[in-house]
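One structure is given here, and the rest of the page talks about it.
2 protein chains.
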Amino acid sequence: MNLEQIKERTRPIVNKVSPVSERSLELMSDLIIVEVYEKGDVFIDRGKNNNKEYFVYEGVCRSFLLNPEGEEVTISYFLEGGVLSPNKTRTANQISHLNFQALTKVTLASLNADKFEQLMINHIDIREFGNMVLQNELLAKVEKEIALASLNGRERLLLFRKKYHFLENLISHVDIASYLGITNVSLSRLRKELME
Amino acid sequence: MNLEQIKERTRPIVNKVSPVSERSLELMSDLIIVEVYEKGDVFIDRGKNNNKEYFVYEGVCRSFLLNPEGEEVTISYFLEGGVLSPNKTRTANQISHLNFQALTKVTLASLNADKFEQLMINHIDIREFGNMVLQNELLAKVEKEIALASLNGRERLLLFRKKYHFLENLISHVDIASYLGITNVSLSRLRKELME
DNA sequence: GTCATCCTTTAACAAATGTTAATGGATTTG
DNA sequence: CAAATCCATTAACATTTGTTAAAGGATGAC
């Protein structure tokens, strides 16, 4: 993919969050390396080094962790045309505290996080973009927090469907159930119930 | 409170997160205005303007929201000697999307968020401090997310006790229950069960 | 195409949690 | 001090959710 193609793919992703100048878009695009992963690939490992920012050009991925029982718990979904959690929020000393996995074949744009931070420092529109990503990230977390703390399984599933409708027929129900904080058996029951 | 006193109170709070130089501490302290609130006071209102960062000199507070049924849901607790969520993560266009309430009499240090952002841009140690606050914030959210998604009420209460032991005899059980994602009746049952 | 595998659904029962309402203790107000 | 208020506890019952295991369907490998 050449620079021009990268710019064209990156522009809508960035502008949807917070518009930047053509010059800023180019500075960001200069940092981009395209990465492709196959369905099921874990491309960021908890406990391992990571120093990148990511945009999702194509496909869907998720972040997850193991709970005390060793079961995978899905934390977030990242959709085509979206931005992964900012590096600073998912690493400490460049060590990732989450796993990220491709749920379909995915095409990602990756940027060196230190270089991107320098762009944020030097360019107010890129800084605004970065801050908006942060805000959206936290907003999504608060929204999910409220859902988990005060809605029952049925209501949480309905909320999930509003937000991620098409995922339900695309990815494993075990993953979705862990995201909703219920078992896959309960998810199946709710699905049946909601069909009637 | 004079500048020297403010510095002395601020130093341990900042250094616990990420140490800064004496000069940086002074620059931050220059921005600080001390605010005092009484138990029960809501000092940040959802939907209203807020453009400050905060440190907790004394007391305990919480963030909360109303769920679809209009009940208060406790999102986070902030303890003496801690830092409130970064402004960028709890506001959009300077409008707060959370309520913050004093659970005891609290003494807060408040800083203008724009001026603090400028300090972050110009001073690498202050930037590191700000980024560490962010990381801690997200880590706490992920930890709670996992607890809500994969532990039962009993296990969540045990986790809460590890982290906030002294709060249990200090603040309303209705608040704690909403934080744990259970009813106050369930909380009472669990407390009894765990005493035996 | 058949077999093997993986995932979802279903069933039956157990356990956890919610709902509503009553009780009792502690604190505050007059 | 007495009354009123607030809040945690308890009880009884309903509902939801979990657990375990079996059955059914879809998908991919050979």
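Taken in order, these protein sequences are the chains called A and B. Okay, so the first sequence: first residue is 1 according to the working numbering, each after it adds one. Okay, so the second sequence: first residue is 197 according to the working numbering, each after it adds one. All C-beta atoms, glycine included, are put in the ideal place defined by N, C-alpha and C.
Item to complete: For A:I146, go through chain B and note every residue whose CB falls closer than 8 Å to its CB, in chain order.
Response: Contact annotation for A:I146 against chain B: L261, N263, V269, I271 [CB-CB distance below 8 Å, chain order].
Worksheet entry | Cβ-based burial, A:V185 [other Cβ within 10 Å; buried from 16] | Within 10 angstroms of the beta-carbon of A:V185 lie fewer than 16 other beta-carbons, which makes it exposed.
Practice prompt. Tell me B:S292's beta-bridge partners as DSSP assigns them.
Written response: B:S292 is bridged by DSSP to B:T287.
Worksheet item: Taking the alpha-carbon positions, what's the A:F129 to B:K301 distance?
Response: Near 37 Å, if we compare the C-alpha coordinates of B:K301 and A:F129.
Worksheet entry | Minimum C-alpha distance to A:N112 - residue among A:N49, A:P68, A:G70, A:E69 | Closest by alpha carbon: A:N49.
Fill in: Any chain A beta carbon closer than 8 Å to B:Y369
It should be noted that the sequence gives His, not Tyr, for residue 369 of chain B. With 8 Å as the cut-off, B:H369 does not count as an interface residue toward chain A.
Discussion item. Tell me the DSSP secondary structure of B:K244 in three-state form.
Written reply: Looking at B:K244 - three-state DSSP - the assignment turns out to be coil, as it is neither helix nor strand.
Discussion item. Is it the case that the segment 308-319 of chain B contacts the segment 252-269 of chain B, given that we only count it when at least three CB pairs across the two stretches are under 8 Å?
Written reply: Result no; under three Cβ-Cβ pairs closer than 8 Å.
Worksheet item: Which runs of the alpha helix (DSSP H) fall wholly inside the segment 115-167 of chain A and span at least 4 residues, in chain order?
Response: Correct list: 124-150, 153-164.
Fill in: Run of the beta strand (DSSP E) containing B:Q261, from where it starts to where it stops
Residue identity check: residue 261 of chain B is Leu in the sequence provided, not Gln. Boundaries of the beta strand (DSSP E) around B:L261: 257-262.
Worksheet item: Who are the neighbours of B:I322 on chain A, taking C-beta pairs under 8 Å?
Response: Proximity of chain A to B:I322 at the Cβ level (cut-off 8 Å) is not reached, the minimal Cβ distance being about 12 Å.
Discussion item. Assuming contact is defined by CB atoms lying nearer than 8 Å, are A:V20 and A:I171 in contact in what I supplied?
Written reply: Their beta carbons are not under 8 Å apart, which means A:V20 does not touch A:I171 by this criterion.
Discussion item. Against B:A288, what residues of chain A qualify as contacts under a CB-to-CB distance less than 7 Å, listed in chain order?
Written reply: Under the 7 Å cutoff, chain A gives Q135.
Item to complete: With DSSP as the reference, label A:F31 as helix, strand or coil.
Response: The question names Phe, yet the displayed sequence has Leu at residue 31 of chain A. A:L31 carries a helical assignment under DSSP once its states are collapsed to helix, strand and coil.
Practice prompt. Can you check DSSP and say which residues form a bridge with B:Y273?
Written response: Answer by DSSP bridge pairing, in chain order: B:R258.
Practice prompt. Compare the C-beta of A:I44 with all C-beta atoms of chain B and state if any pair is closer than 8 Å.
Written response: No, because no Cβ of chain B sits closer than 8 Å to the Cβ of A:I44.
Worksheet item: So, does the CB of A:A149 fall closer than 8 Å to a CB anywhere in chain B?
Response: By this cut-off, A:A149 is an interface position.
Item to complete: Please report how far the alpha carbon of B:P208 lies from the alpha carbon of A:I32, in whole angstroms.
Response: Whole-angstrom Cα-Cα distance: 40 Å.
Worksheet item: Taking 8 Å as the CB-CB cut-off, is A:K141 touching chain B?
Response: For A:K141, a Cβ of chain B is located within less than 8 Å of the residue's own Cβ.
Worksheet item: From A:S24 to A:N122, what does the alpha carbon distance come to, in whole angstroms?
Response: In a straight line, the C-alpha of A:S24 is about 10 Å away from that of A:N122.
Discussion item. What residue range does the beta strand (DSSP E) around B:L307 cover?
Written reply: Looking at the DSSP string, the run of the beta strand (DSSP E) that includes B:L307 is 302-308.
Worksheet item: Using the C-alpha atoms, what's the distance from B:S384 back to A:L157?
Response: Rounded to whole angstroms, A:L157 to B:S384 spans 28 Å at the Cα level.
Practice prompt. State the start and end residues of the unbroken alpha helix (DSSP H) segment that holds A:S85.
Written response: Counting along the chain, A:S85 falls outside any alpha helix (DSSP H), and DSSP gives it neither H nor E.
Worksheet item: On the three-state DSSP scale, how would you describe B:E204?
Response: Of the three classes helix, strand and coil, the one that applies to B:E204 here is helix, per DSSP.
Worksheet entry | Bounding residues of the alpha helix (DSSP H) (the contiguous stretch that carries A:L180) | Looking at the DSSP string, the run of the alpha helix (DSSP H) that includes A:L180 is 173-180.
Worksheet item: Helix, strand or coil: which one does DSSP assign to A:E72?
Response: Assignment of A:E72 by DSSP, reduced to helix, strand and coil, places it in the strand class.
Fill in: Beta-carbon contacts of B:S292 that lie in its chain and below 8 Å, excluding the five residues immediately before and after
If we look at B:S292 and ignore the five residues flanking it on each side, its Cβ neighbours are I240, D241, R242, G243, K244, N245, N246, R286.
Practice prompt. With a threshold of 16 other CB atoms inside 10 Å of the CB of A:Q101, please say whether the residue is buried or exposed.
Written response: Around the beta carbon of A:Q101, 16 or more other beta carbons lie within 10 angstroms, which makes this residue buried.
Worksheet entry | Partners in chain A for B:H293, counting only beta-carbon separations shorter than 8 Å | Result: L139, V142.
Worksheet item: Whose Cβ in chain B lies nearer than 8 Å to the Cβ of A:N51?
Response: Near A:N51 there are no residues of chain B at all, since even the closest Cβ is about 13 Å away, more than 8 Å.
Item to complete: Establish whether the CB of A:I176 and some CB of chain B are separated by less than 8 Å.
Response: A:I176 does not count as touching chain B.
Worksheet item: If you compare alpha carbons, which of A:Y37, A:L138, A:V174 is closest to A:S110?
Response: Nearest option by C-alpha distance: A:Y37.
Worksheet item: Of all Cβ atoms in chain A, is any one closer than 8 Å to the Cβ of B:K284?
Response: Yes - at least one Cβ of chain A is within 8 Å of the one on B:K284.
Practice prompt. Determine the chain B residues that contact A:G82 at a beta-carbon separation under 7 Å, and present them in chain order.
Written response: Contact of A:G82 with chain B by beta-carbon distance below 7 Å is absent, the smallest such distance being about 17 Å.
Worksheet entry | Cβ shell of A:E35 (< 6 Å), same chain only, five flanking positions each side left out | Within the same chain, and ignoring the five residues on either side of A:E35 in sequence, the residues whose Cβ sits closer than 6 Å to its Cβ are L108, S110.
Discussion item. Just verifying my parser: in three-state terms, what is the DSSP assignment at B:V462?
Written reply: An answer regarding residue 462 of chain B cannot be provided, because it is not within the stretch 197 to 392 covered by chain B.
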